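Numbering (UniProt numbering), first residue to last: 1 to 184.
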């Protein structure tokens with residue numbers, strides 16, 4: 001009887017573990033982040049010329065002061081409005097940067113966009129999505145000088161950690177922390 005109880009307990013615990021894993025966001029399962037390793041971002045805004053080189057994760061936790069610097073850099077420059085960006089977006093950027101062995105700063109084309117800015121761009125035929133992840137602080141468009149866009153795209157796709165848009169004619173890629181999907 002004790003053997004049956006042990007088997008049942010293992011089955012229940014195994015099922016519970018599967019449910020927890022299924023409930024985790026895709027990025028929690030996919031990003032190859034080293035535990036205890038600080039994470040840095042060196043980023044330039046193409047729209048404002050502002051630059052930040054910060055250690056936003058100290059190896060144990062996110063550093064609020066440095067996240068605030070990045071959030072300000074990623075603000076909607078048209079309305080000068082910022083939001084709290086998804087820290088997992090910065091993790092994606094940092095991981096992609098490492099995967100492509102980049103040396104130059106990340107050049108951000110678009111980070112946060114207020115709903116009003118997004119709608120204005122949509123009305124002007126810019127091709128923005130109506131429910132863009134940019135408006136929730138979960139997306140960024142970027143390039144890295146001297147790194148081919150195709151290499152950035154491949155690194156982002158290999159992570160299987162969110163959306164990846166490829167815009168070679170515009171000169172950037174899009175990543176977001178939404179569901180895994182891709183488009184050109």
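Where a beta carbon is used, it is the ideal one built from N, C-alpha and C, also for glycine. Fair warning: this is a prediction, and the values are worked out from it, not measured in the lab.
Cα-Cα separation, residue i to residue j
| i | j | result |
| --- | --- | --- |
| residue 150 | residue 80 | 32 Å |
| residue 168 | residue 153 | 10 Å |
| residue 120 | residue 77 | 14 Å |
| residue 157 | residue 125 | 27 Å |
| residue 102 | residue 145 | 9 Å |
| residue 91 | residue 140 | 12 Å |
C-beta contact flag for residue i and residue j at 8 Å
| i | j | result |
| --- | --- | --- |
| residue 52 | residue 67 | no |
| residue 180 | residue 162 | yes |
| residue 84 | residue 71 | yes |
| residue 107 | residue 44 | yes |
Where residue i falls, given that 16 or more other Cβ within 10 Å makes a residue buried
| i | result |
| --- | --- |
| residue 135 | buried |
| residue 24 | Model confidence at residue 24 stands at a pLDDT of 49, short of 50, so the residue's coordinates are unreliable and nothing is read from them. |
| residue 117 | buried |
Boundaries (first-last residue) of the beta strand (DSSP E) holding residue i
| i | result |
| --- | --- |
| residue 110 | 106 to 110 |
| residue 122 | It is not in any beta strand (DSSP E) - residue 122 instead sits in the alpha helix (DSSP H) that spans 115 to 123. |
| residue 45 | 39 to 45 |
Limits of the unbroken alpha helix (DSSP H) element including residue i
| i | result |
| --- | --- |
| residue 96 | 87 to 99 |
| residue 69 | 64 to 73 |
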